[in-house]
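8 protein chains.
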Amino acid sequence: MDKHELTKLLNSVADGTLPPEEAALKLKMEPFHEVGDYAKVDIHRGIRQGVPEIIYGAGKTKEQILGIAKTMLGSGQETVFITRLIKESAEFIKKDLPLEYNETSRTGIIGKLPPPSGLGKVVVATGGTSDIPVAEEAAVTAEVLGNEVERLYDVGVSGIHRLLGNMDHIMNAKVIIAVAGMEGALPSVIGGLADCPVIAVPTSVGYGASFGGVAALLAMLNSCASGVSVVNIDNGFGAGYMASMINHIAEK
Amino acid sequence: MDKHELTKLLNSVADGTLPPEEAALKLKMEPFHEVGDYAKVDIHRGIRQGVPEIIYGAGKTKEQILGIAKTMLGSGQETVFITRLIKESAEFIKKDLPLEYNETSRTGIIGKLPPPSGLGKVVVATGGTSDIPVAEEAAVTAEVLGNEVERLYDVGVSGIHRLLGNMDHIMNAKVIIAVAGMEGALPSVIGGLADCPVIAVPTSVGYGASFGGVAALLAMLNSCASGVSVVNIDNGFGAGYMASMINHIAEK
Amino acid sequence: MDKHELTKLLNSVADGTLPPEEAALKLKMEPFHEVGDYAKVDIHRGIRQGVPEIIYGAGKTKEQILGIAKTMLGSGQETVFITRLIKESAEFIKKDLPLEYNETSRTGIIGKLPPPSGLGKVVVATGGTSDIPVAEEAAVTAEVLGNEVERLYDVGVSGIHRLLGNMDHIMNAKVIIAVAGMEGALPSVIGGLADCPVIAVPTSVGYGASFGGVAALLAMLNSCASGVSVVNIDNGFGAGYMASMINHIAEK
Amino acid sequence: MDKHELTKLLNSVADGTLPPEEAALKLKMEPFHEVGDYAKVDIHRGIRQGVPEIIYGAGKTKEQILGIAKTMLGSGQETVFITRLIKESAEFIKKDLPLEYNETSRTGIIGKLPPPSGLGKVVVATGGTSDIPVAEEAAVTAEVLGNEVERLYDVGVSGIHRLLGNMDHIMNAKVIIAVAGMEGALPSVIGGLADCPVIAVPTSVGYGASFGGVAALLAMLNSCASGVSVVNIDNGFGAGYMASMINHIAEK
Amino acid sequence: MDKHELTKLLNSVADGTLPPEEAALKLKMEPFHEVGDYAKVDIHRGIRQGVPEIIYGAGKTKEQILGIAKTMLGSGQETVFITRLIKESAEFIKKDLPLEYNETSRTGIIGKLPPPSGLGKVVVATGGTSDIPVAEEAAVTAEVLGNEVERLYDVGVSGIHRLLGNMDHIMNAKVIIAVAGMEGALPSVIGGLADCPVIAVPTSVGYGASFGGVAALLAMLNSCASGVSVVNIDNGFGAGYMASMINHIAEK
Amino acid sequence: MDKHELTKLLNSVADGTLPPEEAALKLKMEPFHEVGDYAKVDIHRGIRQGVPEIIYGAGKTKEQILGIAKTMLGSGQETVFITRLIKESAEFIKKDLPLEYNETSRTGIIGKLPPPSGLGKVVVATGGTSDIPVAEEAAVTAEVLGNEVERLYDVGVSGIHRLLGNMDHIMNAKVIIAVAGMEGALPSVIGGLADCPVIAVPTSVGYGASFGGVAALLAMLNSCASGVSVVNIDNGFGAGYMASMINHIAEK
Amino acid sequence: MDKHELTKLLNSVADGTLPPEEAALKLKMEPFHEVGDYAKVDIHRGIRQGVPEIIYGAGKTKEQILGIAKTMLGSGQETVFITRLIKESAEFIKKDLPLEYNETSRTGIIGKLPPPSGLGKVVVATGGTSDIPVAEEAAVTAEVLGNEVERLYDVGVSGIHRLLGNMDHIMNAKVIIAVAGMEGALPSVIGGLADCPVIAVPTSVGYGASFGGVAALLAMLNSCASGVSVVNIDNGFGAGYMASMINHIAEK
Amino acid sequence: MDKHELTKLLNSVADGTLPPEEAALKLKMEPFHEVGDYAKVDIHRGIRQGVPEIIYGAGKTKEQILGIAKTMLGSGQETVFITRLIKESAEFIKKDLPLEYNETSRTGIIGKLPPPSGLGKVVVATGGTSDIPVAEEAAVTAEVLGNEVERLYDVGVSGIHRLLGNMDHIMNAKVIIAVAGMEGALPSVIGGLADCPVIAVPTSVGYGASFGGVAALLAMLNSCASGVSVVNIDNGFGAGYMASMINHIAEK
């Protein structure tokens, strides 16, 4: 709740249009709806028409996800986006709601995608074939949030010519999401070539001393390239969300 | 080297204005200058007039830093910015060059600061007083790169009213740099309040199980707020650089 | 065995009512009963009538749990409380004993709950929906030990208004149990708002660099709020027990 | 800010005694004072007369500590307590203010100690001689906050008779702070003997695989005794504060 | 191969009873037999009649274990002892050989146990019920190697009277194997009470910050009691073997 | 792309035989083929006739592996080698292509093995029986790349005579691959005996504090023997490839 | 306190020779003496004439060490042994007491050494020259406790012939202490050669991935040799004490 | 000792030219010389004339280093090479022996360097300026062992054109040593470009989550390029030794 809204609320109290008890209540109750006894659905501040609401599916039962989705749609939300959605839950929800499920990215969408907007293109690059599921989570998230996305998969640093052969895409991006497991060097090399922000996503791809993505995570945090920041291991959603925020920053 | 420059170079070869041997040499030699036998100074692709060149001072002798700075200034660079500059080196350089040294942020500037540009303000917030040196490195970096910076220090989450009392600054930012040690919760709370990108900087402030900033780093990587990405522990420079890149993204 | 009991025992020996050999035996044998060859059931010192005996179910076979429960009930114990009880074991025990099983908290109760006592209310708060099983273990434990419990779920710090909207519950608590995974910031924020002891419970909720709850654990240990102490990852029982002990401290 | 104060503030706006702009300002500015540009001194909600204000000295310059202390005393605060205060800073402050410095616990007090209050005694126990500085930080903190403290030093578990020989103190405590390095077993043994809350403090005492207190920390988190919770490595202050909060819980 | 045997071999060469080529061959080939192409069965130096040969079953197929056991029995070995033997492999071997399988300790024996020998008794103590499988591996190993074993289970430090009630067994032991998970404090307390060597065995019993036995391992390595040494997590066999070696040291 | 090829390409442009646009395209497109949308098959620079192309099977679906293999064979490749190939995928591929599957090393070959070449023999040694699968991956890789391989299995350091009994093989090797789990000491001992390069491969064989191969990895990195370098845990392929590269170094 | 002593005490109470209050007091006070307010000196149960009392010097001030030593000598103790004694403290103590200081092992002795006793020799072996200080702590400890010690330094596994050249010492030992840093392989190799107990001592010798002795510690815990147990990093004292206990086990 | 030498020794015994006792002695004593009581100098098996003997200086006193060097030179050794030699020790040795000290690589040489031999050139590349000391240790080691070395410093992956501009050196190398701190990506990129063995050396250059070189180490172990193996953090010597061994492999 920002200062402007607070002053407005207090003004309503001052001019008698809002009793103080109701104002206190409003301050407490307004921003969320209870769904059963397991979640408080957050109807965010500045949500514009057509922007999807997002459900993080991990650790929720299929019944909970369905309940939350229905509450959102019932509040007038046009599009609902679900991440970390396993197939079984997707099929359960499909019986009730018109969900489109993407098995690679493990995401589901109810409603229409918004048309691409923002300053330019979001490029999603991966080091290898095995990083694609995480990259797709990032790419689909960015698309759902209204971005044109370009995919650049399997351009890992041990075959640097594959990356150099795609320099035009790198140079044309507004934001780049660099997804890599194993030694996690892709963001450093891309960060040195590009002059736009790079969001680095370590993946848990690898074995032995990759320690489930820790090796890639550390490499990315220690990148000697400037303009690189990092999200959690396998956090494609977080990268896609951050990229979209940057790509739409001028509109704010 | 992007596709456009490559095609142009090849055209010069095709029309006979550039012999192939020279072209090969140019491809190899053009982008950097050797300084002594210890560094290759990188004269970046698209550097516009007036944008400072940056020297990372850690692990370099004072003589090496001076040598690199002179090479840069000799190449026509108007402003040189040095990070991780210890006082002793700063005083050594001052004898030869008009360096202004900032002891808190351990940075030095030779030449003039560019006037603020970009889409809006960069807010730099810290959890506590001890995080200020890292925050200043971020703030000064952003200023050197042409950003208006607002400082919001000592607004840690254990006294949440201090943060809420500054909601107007939070809401007016284009990018927020959230700097915190100990439990590293500041970026999560700010990320939930703001609707702009948040760059999280863990600091090595703390003791015991803070493990030199690891506790804060992990907390930030696991932030449940969307729109948060993370840089290395104590990496104020990286955060400032990333923030500036985002703030200037529309100009690219 | 405290000093008072020891002096009393020695007095009995001194006045001839207890032969020394029997006294030595009593010192050794009194405080526990053997159950089969796999457990020594501890009949605690100062146990008052009506306070439940507790069985930690993890790592015990269903037959062992049943055996221990029967021994306790046979010793005159009115209520038996079992934690970390998997469904299969619960169903096995139900055939013999009138067990009530709570699937969310994975706990079982044989016998009646004591009426709430203590100084005031125990509040159990969670950061998200996925933390509820651990929170329920804490809440049920506190209830079994004679406390009035208030649940405040899904009030994580990335939507700080949800927490602030419940300030009255926070301010009315005698003890607060703050349960959170991921970045584990909830106890810090609550600790800054409340003026009662906060027991922090990290959960293994999260992925990637949450390392099974380690990120949350470290954040909580490094809390910059005063009046916060921490129990093991997912240790809802420990938090509930500690909270009850504090809530009943005046009675001791 | 609790619900009661909020309603009162809003009532003042409603009855015209407080203009809405001032109310908004008050909501933002009231709870803290700025000291220089490096700290926001928190004048807490319900502070009763005579309760000391606390300054965490680590990471602050001696000038900053002096500045904050003066601001506090200037606000009418009678007693100021400083932790993690190094000797050099103490001597600097002594020139201006009547500070009493305790070298073992590295704490300083300006003003008078409050008389002991609370439900009973706080016992502070250590495993060895080397744990005493941390234990003293806990003990002095508890004393400063109005508790009677009993010290029980060098009663480590490898000589269990030393602990058993002090059973009367263990049994008479309202809260016990168990401080130990190395294998960190003291809280487990005390937790099994006592029937009051035990605050465990791991210390960085040890070498090799003690990893600066990590071994003791892990042992304490994994304590098989109920009623044990843990604070950060070497965090004597946190333990003393928590113990005082518990000891005064009935007064709240 | 010790010096004595080497001199004897060389003497045989010197006096012509052994051709040098055969001697070289003997030096190379004598100490082991090849079994299939997957193992070299080690016919140890000083093995006395009646001492069992040991097979470490983990990571070996049931066919490999059977093959090695047959080779051993075929070499005149009277007793074969198999550790880390899963039930399925045990049943497979039983079809061919008279194996006795112990499901708790996951060990199998083919042939007769030797009568107890050595200086005295080996006591095996555990902190809890869940540590029993590891303790049984230790106990059975010691029995197989010719030791009288006393079991003292569920005497963990959070109920110190259970341990003190068994002081006579502790005082009568020649070697004590202390097995514990969670905080791993048992060896420290026993080490302080007993005046014989204590072999500490951390177990992977626990959850959360026990990290699969690491907490217990670190605690044991940092034991403040003298006369304690440690084996690997869950390594009951290693402890039993070491204990037997110590108990038979006078016979060597 | 090396300097020689670049100069040649530029010469073609200079003499008009290659239009600049095509040259730019060639620079981008030549080195790899797209397979579906999931992989870029790398047709390496200097590949000589008869040298196998390699597919890393882990993290790829059986359909993807088959697709890549067909593309390679379609490009004229005579032999294709697949590592980390699970049985199910192998059987799927066998339906279409003449694959020979090795279950121990989890590798598959399509086409003929090259005859052994190189400077000498590659010896593959293991500490125990359980290390054999990793060792076989190394051995088969080396064979596929044209090396004569000698296997020396189960020669771990706790029975040093088994290793000493094979000194002739150690002394005759050109490169030794030393594979070991648990304490990982084999490369150190071999490195002290041999005077050729030793490639150390830690395996995840072990339990408890072996931490999935970390103990062995650390031991090998800390080897006090000279001439030892290390690959990732369980990376038999990497060791075999490196060994082959060394064995064929004179041919380059 | 063992059962026998307890019965005797109770008998004294029963026959009237000891009043119960005094008995209670005796149970509490007998086993230790207070020294100042910083230590409880433990006058152990079964201490025979001539056996030295031991002070662990680390973390104690020179004044504290002197105070404890004087208390011990005042109690009739003939020999006092101090470990982890820095030179400065040694020189301080020398002014008052006839201390002999050993700079390599950082130990001091006041009084006479006992003549060697026990079953046989204790061999102390090291991997390298840098491990000698830890080895000397072990060796001197064993000598002080009445053992004949044989030193076997710089026999690391990367030059296995140095170890094999000393097989006669290895074979004649009753207990072997194997001290090594870096890869920590020495105990495994010795454990495979010897048939007596091996106490492994990891040292913090090494750099990089030795992590202050962790690599050696893990290697030793994972030793594939039987009859090896481990003490803390750099814990020469613990190893010497354990070795002496084993060597004197028959006397108990 | 290889089989051939053993057979020869045994033949001498068989034909009477060598008494068996002397043979046993020779087997034990021949390969090393004792220096004082702190080191066994290893006079290696196959050392050819002119190859330097190496002393690892870390953890040795200046007197010990001097003593070992004199013993070596006294045995007829022409060149002695000392690594990890601090300036103070170097100056001490210079008083007695004609040592040449290299401050950057912290190495010293007594005697003449051998002329370059081997199959080709060893290239030593670094990611940054701060990696140069480790790289110099590698380079000087390789030179001392008879290799022509090419230095390629400051060619890190965040400015990939610097590396690509040196492709001719990369393509002409027989072995490449890739030295990098921070994200440690250099070996992966070089490994993908070169077709010779790459020895990766992680350095402790970096801060925060570089953890003293662990980030770089993990990245290198997880390299997706084939033909890369890794040595310990900062182990320039090990890399130089391994590289030389590979470069001279054909001569063996």
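Protein chains in written order, with our numbering: chain A, 1 to 252; chain B, 253 to 504; chain C, 505 to 756; chain D, 757 to 1008; chain E, 1009 to 1260; chain F, 1261 to 1512; chain G, 1513 to 1764; chain H, 1765 to 2016. Just so you know, even glycine gets a beta-carbon here, dropped at the ideal spot from N, CA and C.
Just to confirm before moving on: does the CB-CB distance between E/I1101 and E/G1116 stay below 9 Å? A Cβ-Cβ contact shorter than 9 Å links E/I1101 with E/G1116.
D/G902 classed as buried or exposed, judged by whether at least 16 other C-beta atoms fall within 10 angstroms: Burial is judged here by how many other beta carbons sit within 10 angstroms of a residue's own beta carbon; D/G902 has at least 16 and is buried.
Are the region 726-745 of chain C and the region 390-397 of chain B touching by the rule of at least three beta carbon pairs closer than 8 Å? Counting C-beta pairs with one atom in each stretch, the region 726-745 of chain C and the region 390-397 of chain B have fewer than three that are closer than 8 Å, which means they do not touch.
Under the three-state reduction of DSSP, which class applies to G/S1587: helix, strand or coil? Per DSSP, reduced to three states, the secondary structure at G/S1587 is coil, with no helix or strand assignment.
Buried versus exposed call for E/G1084 [16 or more other C-beta atoms within 10 Å across all chains shown]: Sixteen is the threshold: since fewer than 16 other Cβ atoms of the shown chains lie within 10 Å of the Cβ of E/G1084, the residue is exposed.
Cα-Cα separation between E/S1125 and E/S1252, rounded to whole angstroms: Those two C-alpha atoms are separated by around 10 Å.
Given D/G772, which residues of its chain have a CB within under 6 Å of its CB, disregarding the five upstream and five downstream residues? Within the same chain, D/G772 has no close Cβ partners at all.
Amino acids of chain G, ordered along the chain, whose beta-carbon sits closer than 9 Å to that of H/Q1828: By Cβ distance, chain G contributes T1641.
In whole angstroms, what separates the C-alpha of B/P304 from that of H/I1818? Distance between the alpha carbons of B/P304 and H/I1818: 48 Å.
Same chain only: Cβ atoms within 6 Å of E/V1263, ignoring 5 sequence neighbours per side: Nothing can be reported for residue 1263 of chain E: it is not among the residues displayed for chain E, which extend from 1009 to 1260.
On the criterion of 16 or more Cβ atoms from any shown chain inside 10 Å, does F/G1334 qualify as buried, or is it exposed? Within 10 angstroms of the beta-carbon of F/G1334 lie fewer than 16 other beta-carbons, which makes it exposed.
Whole-angstrom distance between A/K121 and B/G444, CA atom to CA atom: Approximately 26 Å, taken between the alpha carbons.
Which residues, in chain order, does the region 956-986 of chain D contribute to contact with chain G at a C-beta distance below 9 Å? Listed in chain order, the positions of the region 956-986 of chain D with a beta carbon within less than 9 Å of a beta carbon of chain G are V961, G962, Y963, G964, A965, S966, F967.
Does any residue of chain A have a CB that is nearer than 9 Å to the CB of B/G436? With 9 Å as the cut-off, B/G436 does not count as an interface residue toward chain A.
Specify, as a first and last residue, the run of the alpha helix (DSSP H) that H/F1975 falls within. Here H/F1975 belongs to no alpha helix (DSSP H), and DSSP marks it neither H nor E.
is_contact[F/A1510, chain B] using C-beta, thresh 9 Å: Answer no: the Cβ-Cβ gap between F/A1510 and chain B never drops below 9 Å.
Give a yes or no on whether 9 Å exceeds the smallest Cβ distance from B/A310 to chain H. Judged by the 9 Å Cβ criterion, B/A310 is in contact with chain H.
Which parts of the region 911-944 of chain D are runs of the alpha helix (DSSP H), unbroken and 4 residues or longer, counting only runs that do not cross its ends? Counting only runs of 4+ residues, the alpha helix (DSSP H) found wholly inside the region 911-944 of chain D occupies 916-920, 923-928, in chain order.
Which first and last residues belong to the beta strand (DSSP E) in which G/Y1665 is found? Under the DSSP assignment, G/Y1665 falls outside any beta strand (DSSP E); it carries neither an H nor an E label.
So, helix, strand or coil for H/N1986, using DSSP? Reduced to three states, the DSSP call for H/N1986 is coil.
Near-chain D residues of the region 666-691 of chain C (beta-carbon distance less than 7 Å), N- to C-terminal order: Residues of the region 666-691 of chain C with a C-beta atom less than 7 Å from some C-beta of chain D are M671, D672, M675, K678, listed in chain order.
Here's the rule I'm using: 16 or more other beta-carbon atoms within 10 Å means buried, otherwise exposed. How should C/E640 be labelled? That one is buried.
In chain order, what residues of the same chain lie with their CB nearer than 8 Å to the CB of D/R918, ignoring the 5 residues before and after it? Here the set comprises D910, V911, G912.
Below-9 Å beta-carbon distance, C/V644 vs any chain G residue: Answer no: the Cβ-Cβ gap between C/V644 and chain G never drops below 9 Å.
DSSP beta-bridge partners for C/G612? Paired residue(s): C/I586, C/Y605.
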